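Q:
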Amino acid sequence: KRQGVPTDGGLWYRGCARETYDLLPSLLRFDNGLAVELGLYDEYTTAWTDDEEHCHWRALFSMQHFFVPTRLMDWTTEPDVAKYFALSPDDTVNPTIFVLHPGLLNRCAFGTVRPPFRLHRSEFRYPEDYCPPATVRHELPIAVLPDKSDKEENPRIGPQYGVFTAHGSVISSIETLCP
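According to the numbering used here, the sequence shown holds residues 1 to 179 in order.
(1) In its own chain, which residues sit with a C-beta less than 7 Å from the C-beta of Pro69, not counting the 5 before and 5 after it?
(2) Could you tell me the distance, in whole angstroms, from the CA atom of His181 to the CA atom of Asn106?
(3) In angstroms, rounded to a whole number, what distance separates the CA positions of Pro127 and Ser172?
(4) Residues in its own chain within less than 7 Å of Glu139 by CB, not counting five upstream and five downstream?
(5) Which term fits Phe66, buried or exposed, when burial requires 16 or more other beta carbons within 10 angstroms of its beta carbon?
(6) Measure the Cβ-Cβ separation of Val81 and Tyr21 and say whether it is below 7 Å.
(7) Can you list, in chain order, the residues of its chain with a C-beta nearer than 7 Å to that of Ala86? Leave out the 5 residues immediately preceding and following it.
(8) Could you tell me if Ala109 is buried or exposed, where buried requires 16 or more neighbouring beta carbons within 10 angstroms of its beta carbon?
(9) Less than 6 Å between C-beta atoms, sequence neighbours within five positions excluded: which residues of the same chain meet that for Arg114?
(10) Pull up the distance between the alpha-carbon of Val99 and that of Ala47, whole angstroms please.
(11) Grab the span of the alpha helix (DSSP H) containing Arg107 for me, first residue to last.
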């Protein structure tokens, strides 16, 4: 055990085709990403009829599944899944697997070790706490878990052992914010 490294939870992995990719979600890679976020969300959810309180995060997980830019970044708890994503694209150049300790990432965001948690049952509300015109309450990325219903509704989360980081208002990569 390394001193200062929490032992709760396991490691998370993200496979990338290029070592030059930053750990930054797709929405934050666009100059106007934060400005168009609520519009993307509203357009995507217009046809939704789910009135459950937690459907907002569920919509974000679904958007991520269909490659709509979001502030979420996909990770997996299985190294072999990350290896698949690192090696499967046609443009593979120096494939890389990033490794993340979710408790340490949350320590950067909260100032104390906090294991990854389910967004649906947390104080984090989307879009209220993340999208303008409200002041974004959360600045740094956090490690979060999908709910069981997300795994059932989204055909990729379960088989890929999917977990996520949800990024706040600071537009910078995880490796820069929490080295």
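Every residue, glycine too, gets a C-beta built ideally from N, C-alpha and C. Model, not experiment: these values are computed from the prediction.
A: The relevant details are as follows:
(1) Ser26, Leu27, Phe30, Gly33, Leu40
(2) A query on residue 181 cannot be resolved here, the shown segment of the chain reaching from 1 to 179 and no further.
(3) Those two C-alpha atoms are separated by around 20 Å.
(4) Gly168, Ser169, Val170
(5) exposed
(6) Not closer than 7 Å, so no.
(7) Gly15, Cys16, Ala17, Pro95, Thr96, Ile97
(8) buried
(9) Asn106
(10) For Val99 and Ala47, the distance between alpha carbons rounds to 37 Å.
(11) 102-110
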